[in-house]
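Those protein sequence lines, which keep their order, are chains R and U.
Each residue of the first sequence is one higher than the one before, starting from 1 at the first, in the working numbering.
Each residue of the second sequence is one higher than the one before, starting from 334 at the first, in the working numbering.
Before any comments, here is the structure.
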Amino acid sequence: MSEPVLEVRDLVVTRRAPGGAGRRGRSLHPVAGVSLALRAGDSVGLTGESGGGKSTLARAMAGLLAPTAGRVLVAGRELAQLRGRQLRCARRLVQMVFQDPSGSLDPRQTVEEALREALEAGRDGRRQPDDHERVLGLLDEVGLDGALAAAWPHEMSGGQRQRVAIARALAAQPAALVADEPTAALDLTSQARVLNVLLSARQRRGLALLLVSHAWPVVRRFCDRVAVMYLGLLVEVMPGGADTPPLHPYSRLLAAAVPSVAPLPTAPGPREPFPGRSGEPPSLLTRPPGCPFHPRCALAEASCRTELPDLAEVSAAHFLRCPPAARRAPRTF
Amino acid sequence: MSAAPLLAVEDLAVAFKGDGAPVQAVRGVSFALPRAGTLALVGESGGGKSVLALALLGLLPATATVSGRVLWEGTDLVALPERDRQRWRGCKLGLVLQDPLAALNPVLTVGDQVAEGLRYHRGLGRRAAREAAVSLLAEVRLPDAAARARDYPHRLSGGMRQRALLAAALACGPELLIADEPTASLDVTVQAEVLDLMAELVRARGMALLFVTHNLALVPRVAERAAVMFAGRLVEMGPARAVIEAPAHPFTRALLAALPERWPLHGRLPAADAPGPDPRRPPPGCPYVCRCPHARPACADESALGLALADDRRVACLPEVAGPLARGEVPA
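Printed below as a string of structure tokens:
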């Protein structure tokens with residue numbers, strides 16, 4: 001198997017708790033030991049509720065914040081060991097797209113200026129005579145009309161701005177793209193257009209894609225692999241698509257919470273009630289010992305309250321951090 | 334008891350002045366909402382849903398020109414003086430918006446904000462309003478309502494803020510609740526709870542509901558009827574289940590195909606790349622021709638559009654297209 005273009009090993013990110021009586025000085029772990037590898041052409045969907053650490057993990061993987069422990073490897077080289085030119089080169093290989101495209105585009109730059117800047121940054125600030133053609137090529141790649149090169153961010157729709165943000169990320173010739181909720185602010189039609197752009201970029205350029213989204217059906221249907229995160233930990237990593245049902249009670253809670261137009265039940269056979277309850281999303285401040293999901297879990301056993309289970313492989317490419325659910329699952333290998 | 338519906342919108346149009354030709358955000362929209370009726374307004378961003386809701390409220394900026402009629406139990410609100418309109422908004426109407434943090438005042442406690450309407454529109458004293466606010470917060474199932482009423486908005490989670498906003502909207506006992514994407518900023522797990530809570534309160538209090546969303550999947554959870562809007566016009570309206578199960582307008586079908594649950598696996602997603610029509614110069618007839626796979630010359634003829642599939646189900650499309658689509662057939 002080829003070497004991962006982007007990998008994290010046992011990554012931990014520690015943050016100081018926000019102020020407030022009795023809380024000052026406590027350490028929080030938005031990422032509490034995560035390992036994940038992306039190879040060229042991979043698409044991994046990272047999902048979970050707000051406050052689970054998805055964005056912190058995404059930023060650490062894009063090299064935008066330094067981990068407290070563990071390693072971030074870009075094309076096999078550890079980011080923390082690189083300096084100067086080599087570090088710039090490694091960072092160029094991993095580009096990020098953010099949720100709010102109006103916040104990530106400079107309101108005083110036209111589309112062309114923003115894309116030229118990204119092109120020049122990729123070659124230490126040097127201009128090239130055919131940069132205008134490259135700008136048009138990038139716009140075409142994200143499905144935007146070349147006439148938009150002269151447009152300002154405020155003249156475009158949210159979906160168009162997000163496609164410009166993707167074009168700017170692609171201008172750096174990355175090997176991996178980390179997209180943090182790129183469609184959360186868009187309606188469903190614009191969401192489909194933006195995801196199509198990511199899909200073709202992946203297919204044409206062999207990009208590895210980490211798509212962060214709170215929407216279960218989005219990651220499940222769009223990505224080849226799905227990683228479910230809860231309070232800083234991956235609780236399930238599984239193949240995408242419709243063939244593999246989620247096993248972790250938390251994944252099943254996420255899947256069941258999605259409103260659907262399908263009349264109930266959606267699947268043939270009786271609909272099983274999901275093991276767990278919804279309610280307010282969890283907080284890192286009140287992270288319980290043992291498996292962090294146990295207070296919301298219907299399968300919780302005595303050991304779940306004290307011991308944190310490992311992420312164990314239950315079938316091919318399917319990893320689960322829940323022994324009770326693993327025992328109930330049919331064994332396929 | 335009068336025969337007039339609670340709310341009747343007749344040929345409503347909204348245009349915004351600006352550089353050049355006015356932007357026609359809403360064009361010739363008509364619908365009626367009976368007492369305790371629930372209607373979802375569905376469409377893309379920029380399709381005119383929120384402008385329509387603001388026009389009903391009378392909260393559009395001065396650059397907007399409104400024509401047509403908005404009848405509340407037979408009284409035209411568009412012609413009403415602003416002072417009376419404000420009284421009507423306060424007493425008859427509740428409003429829940431997408432971003433609860435922007436809708437709540439950060440320097441007032443949650444309880445004071447829920448109580449504000451009661452003091453202003455119902456003339457309650459400070460203490461009575463505060464007690465009423467706590468019971469409203471309990472009604473929207475905010476845990477530990479009495480303590481939460483003394484909290485400032487930043488202390489609450491997104492879901493709790495949206496519940497508080499719902500409590501404020503319900504405070505004066507409105508007859509119509511307008512909810513514009515009330516759950517778009519919430520986590521899916523909380524989204525379902527807030528929607529179900531809203532639907533339950535609407536039923537229990539016998540309110541009418543106008544629910545604005547871009548997501549058709551949310552519609553059957555809260556509304557009996559659905560109205561689909563594209564480029565400022567209603568293109569399809571009917572019972573929510575019928576519209577979802579047998580969509581007759583090509584745009585409604587595209588909205589359904591854009592739902593992630595209907596996406597093809599790992600492949601290209603169905604999304605037309607053509608932009609919508611220019612809102613300054615909308616084409617004659619159907620505005621959807623620019624993206625429609627079934628477009629034909631007759632689409633430009635306003636009088637040829639329109640088909641009643643049932644008494645309470647209409648679609649603004651050519652009968653030879655919408656008819657077969659509603660039956661699940663491909664138009665010739």
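The beta carbon of each residue, even a glycine, is placed where N, CA and C say it ideally should be.
Owing to the predicted nature of the structure, the values given are computational and were not obtained by experimental measurement.
Item: Separation of D344/U from L406/R, as counted between CA atoms; Value: In the structure as shown, chain R starts at 1 and stops at 333, and residue 406/R therefore has no counterpart that could be examined.
Item: Selection of the stretch 41-61 of chain R by Cβ proximity to chain U, strictly under 7 Å; Value: E49 and S50
Item: Beta carbon proximity, L598/U to chain R, threshold 7 Å; Value: yes
Item: C-beta contact flag for R16/R and P30/R at 7 Å; Value: no
Item: Beta carbon of V668/U nearer than 7 Å to that of A257/R; Value: Examination of residue 668/U is not possible in this model, given that chain U is present from 334 through 665 alone.
Item: Q357/U, buried or exposed, once every other Cβ within 10 Å from all chains shown has been counted against 16; Value: buried
Item: Beta carbon proximity, L211/R to chain U, threshold 7 Å; Value: no
Item: Residues from the stretch 362-377 of chain U in contact with chain R, defined by Cβ distance under 9 Å; Value: G376 and E377
Item: Residues, ordered as in the chain, of the stretch 246-262 of chain R that lie near chain U by beta-carbon distance below 8 Å; Value: L253, L254, A257, V258, P259, S260, V261 and A262
Item: Cβ neighbours of H294/R in the same chain (closer than 6 Å, five flanking residues each side left out); Value: A300, C304 and R305
Item: Cβ-based burial, R647/U [other Cβ within 10 Å; buried from 16]; Value: buried
Item: Per-residue DSSP class, three states only, for S35/R; Value: strand
Item: is_contact[A192/R, chain U] using C-beta, thresh 7 Å; Value: yes
Item: Segment contact, 8 Å Cβ cut-off, at least three pairs: the stretch 442-461 of chain U with the stretch 502-512 of chain U; Value: yes
Item: Host alpha helix (DSSP H) of H132/R (start-end); Value: D131 to E141
Item: Interface flag, D477/U vs chain R, CB-CB below 7 Å; Value: no
Item: 7 Å Cβ cutoff, R271/R in contact with chain U; Value: With a pLDDT of 39 at R271/R, under the threshold of 50, the modelled position of that residue is not reliable, and no figure is offered here.
Item: Buried/exposed call for E662/U, threshold 16 Cβ in 10 Å; Value: exposed
Item: Under 9 Å by beta carbon: chain U residues contacting W216/R; Value: V521 and P593
Item: N- and C-terminal bounds of the beta strand (DSSP E) containing S55/R; Value: Segment K54 to M61 is the alpha helix (DSSP H) holding S55/R; no beta strand (DSSP E) there.
Item: Interface flag, M334/U vs chain R, CB-CB below 7 Å; Value: With a pLDDT of only 45 at M334/U, under the threshold of 50, the placement of this residue in the model should not be trusted; the figure read from the coordinates follows. No, its Cβ sits nowhere closer than 7 Å to a Cβ of chain R.
Item: Buried or exposed by the 16-neighbour rule on C-beta atoms within 10 Å, applied to G376/U; Value: buried
Item: DSSP three-state assignment for Q495/U, whether helix, strand or coil; Value: helix
Item: Under 7 Å between C-beta atoms of E192/R and A591/U; Value: Note that residue 192/R is Ala in the sequence shown, not Glu. Contact flag set, yes.
Item: Any chain R beta carbon closer than 7 Å to H547/U; Value: yes
Item: Environment of G53/R [buried if 16+ CB atoms lie within 10 Å]; Value: buried
Item: Cβ contact (3+ pairs, closer than 8 Å) linking the stretch 154-165 of chain R and the stretch 133-145 of chain R; Value: yes
Item: 6 Å CB neighbourhood of R321/R in its chain, flanking five on each side removed; Value: V235, P309 and L311
Item: Outcome for A343/R when other beta-carbon atoms lying within 10 angstroms are tallied against a minimum of 16; Value: No statement about residue 343/R is possible, as the shown extent of chain R runs from 1 to 333 and does not include it.
Item: L93/R to S200/R span [Cα, whole Å]; Value: 18 Å
Item: Enclosing alpha helix (DSSP H) for S157/R [first to last residue]; Value: Segment: none, S157/R is in no alpha helix (DSSP H) and carries neither H nor E.
Item: Counterpart residues of E78/R in DSSP-defined beta bridges; Value: L73/R
Item: Cα-Cα separation between L404/U and V347/U, rounded to whole angstroms; Value: 16 Å
Item: Helix, strand or coil at F98/R [DSSP, three-state]; Value: coil
Item: Limits of the alpha helix (DSSP H) - the one that Y250/R falls within; Value: P249 to A257
Item: Minimum Cβ-Cβ distance from G276/R to chain U less than 7 Å; Value: Model confidence at G276/R stands at a pLDDT of 47, short of 50, so the residue's coordinates are unreliable and nothing is read from them.
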